[in-house]
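full-length UniProt numbering applies: residue 1 is where the sequence shown begins, and numbers increase by one. No residue lacks a Cβ here, since even glycine has one placed at the ideal position from N, Cα and C. This structure is a prediction, so every number in the text was calculated from the model and none was measured. Report on one structure; see the data block that follows.
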Amino acid sequence: MSKHLTEQRFIDFPIQESVLDALDSKSFEFCTPIQAKTLPYTLAGQDIAGQAQTGTGKTLAFLVATFNHLLSHPIETKSNQPKALILAPTRELAVQIAADAEMFTQRTGLNLALAYGGDGYEKQLHAIEKGVDILIGTTGRVIDYVKQNIINLDQIQVVVLDEADRMFDLGFIKDIRYLMRKCPKPESRLTMLFSATLSHRVRELAFEDMHNAEYVEIEPLQRTGHRIKEELFYPSNEDKMPLLLTLIEEEWPDRCIIFANTKHKCEDIWRYLSSDGHRVGLLTGDVPQKKRLTLLDEFTQGNLDILVATDVAARGLHIPDVTHVFNYDLPDDREDYVHRIGRTGRAGESGSSISFACEQYAVNLPAIEEYIGHPIPVSQYNSEALLALPKLRRSKTRSTRFNTKRTRNRKA
C-alpha cells in the first residue's frame, strides 16, 4: 500500500453503491488521511472544517460526501435548480473540481454545471438552464446568475468552500457571506470547508456560517513534503537566467513549473526558454481564460514540458507527475513557498524544488526557512560553466508554441 494512504477502505463506509462504483472505476480503494477523518462526519450529515494542503485528497473527500448526500436525500427542486454549491477561489480550481467530479456524474445520473468569470458566459448559462444538481464555480459569476434570477439557492442541500483561506486572500469573503445568506440556514444543509490553514478568520467563518462544525486537521510531519528534495542557489542578477537554463539542461525535467513574482518576469523567462527550444507555456493573470485552460490541458497531456507561472497558479492546480518546481524568485509570502513546491512530490511521488536567492529576493529567505522549520540546502555553481543566453525570438512565436517540438537527447 502506498505510504500516503490509510488502511481505511471506501467500501467500509455507508456510501451509495453508485458512488462506490465510480470510485472503483478509477481504482480508488483506500482513503487518504483527510478522507478517512472527514467521511465519518460528512456521511452522517455533520458539518466539517478541514485543514489539508492541496494534493492530500481533499477534493475527493468532499465530492464523495456531496454526491452521497444528494443521493441519500433525494428531493425535487423547482425548475431543476441546484442542490449543491461548490465554491472555489479560482477558475482553474473550479474547472479541476468539475473534471474530478465527472466519474461520479457518469455513475450517479446527477448533473453538474460550471459558473466562472472571464469566459463562456452563454455556454455556462445554457448548461445551467438545462438543469443542474451540482453547481461548481467562483463567487462572482455565481452571484451574477443569482442576481439575474437565473438560479436560486433556496433548495441547496450541500455547500462546499474549497481553499477558504485563499478566498480571504483574494477578498471574496463578502461574496461568500452573500451567497450563504441565499442558501438555507446552516442547520438545514451540509457544509464543508477546506483550508490550508484554519486561521482565526477561517474559524470565524465556520462559526458564523456552519452548524456545529467539527474541526479536522491533517498536519504534515513537516510543512514541505519529505519526498521533495529542496535545493538553493545564490545567483547574481546577471547569472540568474543562464543558471536557470543550465539547470534545466542538466536536470531535464519531465514536467516542470517555474514560478516568478511578477507577470513581466514570467514573460521574460518564457521568451528565453521558448527561444532555447523548450516546449513551454505561460500562465499569468493576463492570459485569456480560453488560453489558460488550453495551456493547463496541454501541460497535463504532456504536450508542454514547462509551465511558467505567477502565484495565481500556485494553488488549486492538480497536475500529476510534476517532477520539478523552480522558484526563480523567492516569494514575498512565506506560505507561497510551501504552496509552490507542493506542486511536486504529491501522492507519494518524489520531486525536486530548486530556488534562487538572488540579490532582490534573498531577503525573503529567513522568513521562509523559519516557516518550514529547516534551512534549505545550498548548492554552488560555476559561473563560467553556465550556458549562454539564446538569441530571443520575436514575440509572435507565442502563438505557435504548441507546435514546437524538441528532440530530447539525454546525455549518456
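Worksheet item: What three-state label does DSSP hand CYS256 in the structure shown?
Response: Residue numbering aside, residue 256 sits at position 256 when the sequence shown is read from its first letter. Residue state, collapsed to three classes: strand.
Worksheet item: Going by the CB atoms, is the gap between VAL19 and THR108 shorter than 8 Å?
Response: Within the sequence shown, numbered from 1, the residue matching residue 108 stands at position 108. Within the sequence shown, numbered from 1, the residue matching residue 19 stands at position 19. Going by C-beta atoms, THR108 is nearer than 8 Å to VAL19.
Discussion item. Can you check which of these residues, ARG255, GLN46, ILE143 and ILE34, is closest to GLN157 by C-alpha distance?
Written reply: The count along the sequence shown starts at 1 and reaches residue 157 at position 157. Per the Cα distances, GLN46.
Fill in: Residues that DSSP places opposite residue 467 in a beta bridge
Lying before the first or after the last residue shown, residue 467 is absent from the chain, which here runs from 1 to 412.
Discussion item. Looking at the secondary structure, which residues open and close the beta strand (DSSP E) in which HIS73 lies?
Written reply: Locating residue 73 in the sequence shown gives position 73, counting from the first residue. Looking at the DSSP string, HIS73 is not in any beta strand (DSSP E), and its letter there is neither H nor E.
Fill in: Cα-Cα separation between ALA84 and ASP133, rounded to whole angstroms
The residue given as residue 84 occupies position 84 in the sequence shown. The residue given as residue 133 occupies position 133 in the sequence shown. C-alpha separation (whole angstroms): 6 Å.
Practice prompt. Using a threshold of 8 Å, state whether the C-beta atoms of SER379 and LEU232 are closer than that.
Written response: Numbered from 1 along the sequence shown, position 379 holds the residue referred to as residue 379. Numbered from 1 along the sequence shown, position 232 holds the residue referred to as residue 232. With contacts defined by Cβ atoms closer than 8 Å, SER379 and LEU232 form a contacting pair.
Worksheet item: Shorter than 8 Å from the beta carbon of PRO253 to some beta carbon of chain D?
Response: The structure shown has no chain D; it contains just one protein chain.
Practice prompt. Compute the beta-carbon to beta-carbon distance between LEU193 and MET210, rounded to the nearest angstrom, for a pair I have assumed lies under 8 Å.
Written response: To locate residue 193, count along the sequence shown from 1; it is residue 193. To locate residue 210, count along the sequence shown from 1; it is residue 210. At roughly 7 Å, the Cβ-Cβ gap stays under 8 Å, so LEU193 and MET210 are in contact.
Discussion item. Among the candidates GLY118, ASN327, SER199 and LEU244, whose CA atom is the shortest distance from the CA of LEU386?
Written reply: Translated into positions along the sequence shown, residue 386 becomes position 386. Between LEU386 and the set GLY118, ASN327, SER199 and LEU244, the nearest pair of CA atoms involves LEU244.
Worksheet entry | Residue environment, residue 413, which counts as buried when at least 16 other CB atoms sit within 10 Å | Examination of residue 413 is not possible in this model, given that the chain is present from 1 through 412 alone.
Worksheet item: What residue from ASN303, LYS290 and PRO331 has the CA that sits closest to TYR121's CA?
Response: Your numbering for residue 121 matches position 121 in the sequence shown. Comparing Cα-Cα distances from TYR121 to each of ASN303, LYS290 and PRO331, the minimum goes to LYS290.
Worksheet item: To which residues does DSSP link MET192 through a beta bridge?
Response: Within the sequence shown, residue 192 is the residue found at index 192, counting from 1. Residue pairing by DSSP places MET192 opposite ILE48 and VAL160 in a beta bridge.
Worksheet item: Buried or exposed: where does GLU7 fall if 16 or more other Cβ atoms within 10 Å of its Cβ makes it buried?
Response: Numbered from 1 along the sequence shown, position 7 holds the residue referred to as residue 7. Result: exposed.
Discussion item. So the candidates are ILE151, LEU304 and ILE368; which of them puts its Cα closest to the Cα of PRO82?
Written reply: The residue labelled residue 82 in the question sits at position 82 within the sequence shown. Restricting attention to ILE151, LEU304 and ILE368, the CA atom closest to the CA of PRO82 is found in ILE151.
Worksheet item: Which of the three DSSP states, helix, strand or coil, is assigned to LEU221?
Response: The residue you call residue 221 lines up with position 221 of the sequence shown. Note that LEU221 has pLDDT 44, beneath the 50 cutoff, so the model's placement of it is unreliable and the number below is only indicative. Coil.
Practice prompt. Give the straight-line distance between the Cα atoms of GLN96 and LEU60, rounded to the nearest whole angstrom.
Written response: The count along the sequence shown starts at 1 and reaches residue 96 at position 96. The count along the sequence shown starts at 1 and reaches residue 60 at position 60. Looking at the two C-alpha atoms, the distance is approximately 11 Å.
Item to complete: Please classify LEU20: does DSSP put it in a helix, a strand, or coil?
Response: The sequence position of residue 20 within the sequence shown is 20, counting from 1. It is helical.
Worksheet item: Using the rule of at least 16 other Cβ atoms within 10 Å of the residue's Cβ for burial, across every protein chain shown, is GLY137 buried or exposed?
Response: The count along the sequence shown starts at 1 and reaches residue 137 at position 137. Looking at its Cβ environment, which holds 16 or more other Cβ atoms inside 10 Å, GLY137 is buried.
Worksheet entry | Beta-carbon gap between LEU70 and LEU110 smaller than 8 Å | Looking up residue 70 in the sequence shown gives position 70. Looking up residue 110 in the sequence shown gives position 110. Closer than 8 Å, so yes.
Worksheet item: So VAL322 and ILE258 are in contact, right, with Cβ under 8 Å, and what is the actual spacing, rounded?
Response: Translated into the one-based positions of the sequence shown, residue 322 becomes position 322. Translated into the one-based positions of the sequence shown, residue 258 becomes position 258. Rounded, the Cβ-Cβ distance is 11 Å, inconsistent with contact.
Worksheet item: Is it buried or exposed for SER27, if we count other Cβ within 10 angstroms and need 16 for buried?
Response: Along the sequence shown, read from residue 1 onward, the residue named residue 27 stands at position 27. That one is exposed.
Discussion item. Let's see if you can read the secondary structure: which residues bound the beta strand (DSSP E) around PHE326?
Written reply: Here residue 326 is taken as the residue at index 326 of the sequence shown, counted from 1. Counting along the chain, the beta strand (DSSP E) containing PHE326 begins and ends at 324-327.
Worksheet item: How long is the line joining the alpha carbons of SER350 and ILE319, rounded to whole angstroms?
Response: To locate residue 350, count along the sequence shown from 1; it is residue 350. To locate residue 319, count along the sequence shown from 1; it is residue 319. SER350 and ILE319 have their C-alpha atoms roughly 14 Å apart.
Worksheet entry | DSSP beta-bridge partners of GLU369 | Numbered from 1 along the sequence shown, position 369 holds the residue referred to as residue 369. Looking at the DSSP assignment, GLU369 forms no beta bridge with any residue, so it has no partner.
Worksheet item: How big is the Cα-Cα spacing for LEU221 and ILE128?
Response: For this step, residue 221 is matched to residue 221 along the sequence shown. For this step, residue 128 is matched to residue 128 along the sequence shown. Reliability of the predicted coordinates at LEU221 is poor, the pLDDT of 44 falling under 50, and the value obtained from them is presented with this limitation in mind. Their Cα atoms are separated by approximately 43 Å.
Discussion item. Helix, strand or coil, according to DSSP, for PHE13 in the structure here?
Written reply: Indexing the sequence shown from 1 puts residue 13 at position 13. The three-state secondary structure of PHE13, taken from DSSP, is coil.
Worksheet entry | Beta-carbon separation (whole angstroms), residue 422 vs LEU170, contact threshold 8 Å | Given a span of 1 to 412 for the chain in the structure shown, any question on residue 422 remains unanswerable.
Worksheet item: Counting along the chain, where does the alpha helix (DSSP H) carrying LEU244 start and finish?
Response: The residue given as residue 244 occupies position 244 in the sequence shown. Run containing LEU244: 240-251, per the alpha helix (DSSP H) assignment.
Worksheet item: Among GLY131, ALA113, ASP165 and PHE168, which one has its Cα closest to the Cα of VAL142?
Response: Locating residue 142 in the sequence shown gives position 142, counting from the first residue. With distances taken between Cα atoms, VAL142 lies closest to ALA113.
Worksheet entry | Beta-carbon gap between ALA98 and TYR215 smaller than 8 Å | The residue given as residue 98 occupies position 98 in the sequence shown. The residue given as residue 215 occupies position 215 in the sequence shown. Not closer than 8 Å, so no.
Worksheet item: Just how far apart, CA to CA, sit ASP162 and PRO390?
Response: In the sequence shown, counting from the first residue as 1, residue 162 sits at position 162. In the sequence shown, counting from the first residue as 1, residue 390 sits at position 390. The straight-line gap from Cα to Cα measures roughly 42 Å.
Worksheet entry | GLY281 vs LEU304 beta-carbon contact at 8 Å | As a working note, residue 281 is residue 281 in the sequence shown. As a working note, residue 304 is residue 304 in the sequence shown. Cβ distance < 8 Å, so GLY281 and LEU304 count as in contact.
Worksheet item: Which class does GLU122 belong to by DSSP, given the choice of helix, strand or coil?
Response: Locating residue 122 in the sequence shown gives position 122, counting from the first residue. Looking at GLU122 - three-state DSSP - the assignment turns out to be helix.
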